[in-house]
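Worksheet: one structure, shown below.
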DNA sequence: AATGGAGTTCCATATTATGAAACAATCGGA
DNA sequence: TCCGATTGTTTCATAATATGGAACTCCATT
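Protein chains in written order, with this note's numbering: chain R, 26 to 278; chain E, 26 to 278.
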C-alpha cells in the first residue's frame, strides 16, 4: 500500500462521501459495513467528522451531512450547482460533436438554459442562456414535456417556422416516441436551418429535472440526429448517475 | 496534546472549513498561513481533500469547495438550508422568550415563513408556515422593507386592523426608524391582540436576505417590545455571522 | 435471565503523518 | 538578462499517531 500521508483523511472522506451521496440518514452499522474499516476506526473517524461539522447525527444516531454542507447550500443556487456538476459532461459532448451543448430546466411553462458549451464551428448556435423559447419548438422542451417535467399544453401551438408543431395533438403524438427512444429531436422547428437533439436528466429522486441537448445547423446535424440522440441519452444517464442518491437499498446500477 | 486518533482528519477539516467559509477562491499560501501547519503538511492534506472531491483548484491553483458540496447543494433548497442553520438560534430565542419565533424571507412582494419554533404558552401565535400576510402589517415584513429586501409599496395600504399602517408614507416614515434601531415592531397591526418584533438577517454578501421575529399576545408582548427588539437584533447578528463569508480581507468581527 | 446487535472505549504496537530541508517553477524588480 | 523572493511540491528520517482486536456498555428481543 503506497503511503501518501493521508490515509486517515482518505478514509474519513470515504465515509463522508457515503453519507452525502445517500442523502438520507445512514446508520453507523451501514457505514461500518460499507466502508470495510474496523468498528473502532469507523467510530473514531465519524466522531471527528461530526466534531468538524461535516456530519451530524439525527435523533436515532444516524448520520447525515453536517452544517458545513448546509452553509454551502444556503449560499448557492441548486441549478447553478447542477450546471457545475454537468460542466465536464457538457465539455465531453462538445468535444465529441463540435456543436453547441445546452443544459436546460423547466421554469413555469418555459425552458431555461442553465449551462452552455459553445460550438467549435464558426457557424454555431447562439448563446441561449438568456433566451426563452416556446418549449414545443425545442428538443430540450420536448424532452421536458415527454418526461413530465413540464405540463403538456393544449390547443393550438405557436409556430415559429413552417416545420413547428402546430397542435397539442401533434406534440402528444411525439411524446410517446420520445419516451420510448429516450431522446427528442427538432428539425428546423425553432428556426430555419437549425436542428437539435436532447435527452433527459434525472434528479436524486428519480424525476426528470433537466434536459441535455445539442443544436446546430441542419446542414451538419440532419444526417447525425439518429446518432446524437443515443449519445445524449448516454451522457444524460451519466449526469443522472452523478445526481442520484446512492445507498444500498437502491444500488448503483 | 490529547490524542483522539483523528488529528490528521481534524487538520484537513480545518483547511476545508476555511475554504467553504471563504466562499471564494483561496490560495495555498493563505491556507498555509491561516492554518498554522507546515507547508508540506498543508500541501499533502489539501491534495487529499482534492482527491476526495471535497476541494478543487481553479485555473490559478486557488482552492474552492469541491463536487461533493456541489452535489449536496444541487439537491437542497437554499432556504431550507438557511432554516436548518438557524434552527438552534430559533430554539434559543424560543427558550429565552417562550413566544413563537419565525424566520421569514421575501418572495415576490410578500413574506414567506421558512422556519418556526412554537410558543411554549397555550396562547401562542398560530403556525404561519403556509400563510401569506400583507408585509406592511408584520414586523418581519417591515424589516424586509426597511433593509431593501422588499420594494416599498406605494399609495394606500390594506388595513387588517384599525392599527394597521394605511399609507406608504406611514410605512416610509417607520422605515427610517427601523433602519436606525435595527428592528421593527407591530402592535395589533396584523390582528387585534397580536404584537411582534423582528430584526434583519444578512446573507453572505452583506444584503439582508431574511428577518427573524417573535410574535405573541399583546398582553404579554406589549411591555417587552423594547427588550425583544435588541434581543432579536443580537440573534439576527449571530445568524448573519454564520452565513457571512469569512476570510482575511473581510475578517470575522 | 440470557443472548445478540449496535455502538464506544481502551491500549499495545504497527504504521503513518509530520515537518525541515531541498527542490522546482514563476514572478517581479533591477 | 539576472537575481532574489515567493509559491508550491517532494523527500525521508523519525516522532507521533492511527489502527484494530478485545473488552465494554446499553438496549431490544426471546
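We put the beta carbon where it would ideally sit given N, CA and C, even for glycine.
No experiment lies behind these values; they were computed from the predicted model shown.
For residue i, three-class secondary structure by DSSP
| i | result |
| --- | --- |
| residue 39 of chain R | helix |
| residue 102 of chain R | coil |
| residue 124 of chain E | coil |
| residue 166 of chain R | helix |
| residue 277 of chain E | Residue placement at residue 277 of chain E cannot be trusted, given a pLDDT of 41 that sits under 50; the coordinates are not used to answer. |
| residue 26 of chain E | Its pLDDT being 42, under 50, residue 26 of chain E is placed unreliably in this model, and the value from its coordinates should be taken loosely. Of the three classes helix, strand and coil, the one that applies to residue 26 of chain E here is coil, per DSSP. |
| residue 266 of chain R | helix |
| residue 1 of chain E | One cannot answer for residue 1 of chain E here, as it falls past the ends of chain E, which runs 26 to 278. |
| residue 216 of chain R | coil |
| residue 46 of chain E | helix |
| residue 184 of chain E | coil |
| residue 204 of chain E | helix |
| residue 113 of chain R | helix |
| residue 136 of chain R | strand |
| residue 64 of chain E | helix |
| residue 87 of chain E | coil |
| residue 258 of chain R | helix |
| residue 146 of chain R | coil |
| residue 192 of chain E | strand |
| residue 175 of chain E | coil |
| residue 228 of chain R | coil |
| residue 73 of chain E | helix |
| residue 6 of chain R | Since the first residue shown for chain R is 26 and the last is 278, residue 6 of chain R is missing from the structure and cannot be characterised. |
Closer than 7 Å at the beta carbon, the chain E residues around residue i
| i | result |
| --- | --- |
| residue 128 of chain R | What residue 128 of chain R touches in chain E: nothing, since even the nearest Cβ is about 12 Å away. |
| residue 229 of chain R | 100 |
| residue 237 of chain R | Result: empty, since nearest Cβ-Cβ is about 15 Å, beyond 7 Å. |
Which listed residue (the options) has its alpha carbon closest to that of residue i
| i | options | result |
| --- | --- | --- |
| residue 225 of chain R | R:249, R:255, R:218 | R:255 |
| residue 246 of chain R | R:269, R:153, R:174, R:144 | R:144 |
| residue 158 of chain R | R:269, R:137, R:147, R:96 | R:137 |
| residue 123 of chain R | R:112, R:142, R:131, R:130 | R:142 |
| residue 85 of chain E | E:135, E:153, E:56, E:50 | E:50 |
| residue 150 of chain E | E:266, E:219, E:253 | E:219 |
| residue 195 of chain E | E:185, E:181, E:186 | E:181 |
| residue 76 of chain E | R:135, R:56, R:31 | R:31 |
| residue 172 of chain R | R:183, R:223, R:98 | R:223 |
| residue 241 of chain R | R:231, R:253, R:230 | R:253 |
| residue 265 of chain R | E:99, E:250, E:133 | E:99 |
| residue 239 of chain R | R:187, R:177, R:152 | R:152 |
| residue 249 of chain E | E:121, E:96, E:156 | E:121 |
| residue 96 of chain R | E:43, E:146, E:135 | E:43 |
| residue 167 of chain E | E:135, E:116, E:112 | E:135 |
Distance CB(residue i)-CB(residue j) smaller than 8 Å
| i | j | result |
| --- | --- | --- |
| residue 126 of chain R | residue 118 of chain R | yes |
| residue 258 of chain R | residue 46 of chain R | no |
| residue 169 of chain R | residue 233 of chain R | yes |
| residue 269 of chain R | residue 227 of chain R | yes |
| residue 73 of chain R | residue 34 of chain E | yes |
| residue 131 of chain E | residue 175 of chain E | yes |
| residue 114 of chain R | residue 263 of chain R | yes |
| residue 237 of chain E | residue 110 of chain E | no |
| residue 10 of chain E | residue 70 of chain E | In the structure as shown, chain E begins at 26 and stops at 278. Residue 10 of chain E is therefore absent and cannot be evaluated. |
| residue 179 of chain E | residue 193 of chain E | yes |
| residue 66 of chain E | residue 56 of chain E | no |
| residue 281 of chain E | residue 48 of chain E | It is not possible to answer for residue 281 of chain E, since the shown part of chain E is limited to 26 through 278. |
Amino acids of chain E, ordered along the chain, whose beta-carbon sits closer than 9 Å to that of residue i
| i | result |
| --- | --- |
| residue 29 of chain R | 69, 72, 73, 76 |
Chain R residues whose Cβ lies nearer than 9 Å to that of residue i
| i | result |
| --- | --- |
| residue 94 of chain E | 45, 93, 94, 97, 98, 101, 106 |
| residue 42 of chain E | 77, 78, 79, 93 |
Cross-chain neighbours of residue i in chain R, by beta carbon under 8 Å
| i | result |
| --- | --- |
| residue 262 of chain E | Here the premise fails: no neighbours, minimum Cβ distance about 17 Å. |
| residue 110 of chain E | 92, 95, 96, 99 |
Listed by chain order, chain E residues near residue i by CB distance under 8 Å
| i | result |
| --- | --- |
| residue 268 of chain R | 96, 99, 100 |
| residue 89 of chain R | The contacting residues do not exist; residue 89 of chain R stays about 10 Å from chain E at best. |
| residue 34 of chain R | 33, 34, 37, 70, 73, 74, 77 |
Proximal residues of chain R, C-beta to C-beta of residue i below 7 Å
| i | result |
| --- | --- |
| residue 48 of chain E | 100 |
Contact test: residue i Cβ vs the ligand COA heavy atom, cutoff 7 Å
| i | result |
| --- | --- |
| residue 99 of chain E | The ligand COA is absent from the structure shown, which contains no ligand whatsoever. |
Open item on the list: Counting beta carbon pairs with one atom in the segment 211-219 of chain E and one in the segment 157-173 of chain E, are three or more of them shorter than 8 Å?
Closed with: yes
Open item on the list: Pairs of beta-carbons, one from the segment 87-104 of chain E and one from the segment 192-206 of chain E, closer than 8 Å: are there three or more?
Closed with: no
- [ ] For the segment 52-71 of chain R and the segment 36-43 of chain R, state whether three or more C-beta atom pairs, one from each stretch, are separated by less than 8 Å.
- [x] yes
Task: the segment 103-110 of chain R / the segment 77-87 of chain R touching (three or more Cβ pairs under 8 Å) - done: no
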